[in-house]
Amino acid sequence: EQGRGFAVVADEVRSLSVKTSESTEQIQSNIKSLSEATESVEKEIKRIGSILESTAGRVSESQESVSQVRETITDISERSGQISQATDEQRQAIDEVSQAINEASDATNYVTEGAQENAARTDKVLELSENIKGQMGKFKT
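All residue numbers for the sequence shown refer to this note's numbering, where the first residue is 1 and numbers rise by one.
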């Protein structure tokens, strides 16, 4: 009977040994799968890191571009203000020149009127001179 007990125990030990071997193989398979999954995750993390670096670079470039656009807009705004001011100054200068031309025209008209009056007076003086000359001719003997 002791032999039978040992045989039962031996069968149980064999059975446990087979189960242990199968469990060990399953654990090794799980470890291998986990290792492969870990490597895959590691590669994906590296890929994502690379994408993030690239994205960060692009964001930095975009920020620089936006900054340059902002500076350009500020420059254009300042130049527009300068152009507006210059236009106002030119308009004022044109108004002053126009006023000066009007004054010169008025002065020219005044001089022309004066010249016409002088011409009329000169004609009158000539006429009177001719009359005096004619009158003087009567007194000559």
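Every residue, glycine too, gets a C-beta built ideally from N, C-alpha and C.
Span separating the alpha-carbon of residue i from that of residue j
| i | j | result |
| --- | --- | --- |
| E47 | A7 | A small fix is needed here, since residue 47 is Arg in this sequence, not Glu. Distance between the alpha carbons of R47 and A7: 59 Å. |
| G81 | A100 | 28 Å |
| S29 | A37 | 12 Å |
| E39 | E78 | 58 Å |
| E44 | I51 | 10 Å |
| A119 | S129 | 15 Å |
| T74 | E96 | 33 Å |
| S92 | A107 | It is worth fixing the name first, because residue 92 is Gln in this sequence and not Ser. Using only the alpha carbons, I get a separation of about 22 Å. |
| I83 | E89 | 10 Å |
| S54 | A86 | 47 Å |
| T20 | G49 | 42 Å |
| S17 | S33 | 24 Å |
| S15 | R4 | 16 Å |
| Q139 | A115 | In the sequence as displayed, the identity of residue 139 is Phe instead of Gln. Roughly 35 Å separates the two Cα atoms. |
| V111 | E117 | 10 Å |
| V41 | Q68 | 40 Å |
| E61 | T24 | 54 Å |
| I31 | E64 | 48 Å |
| R121 | I94 | 39 Å |
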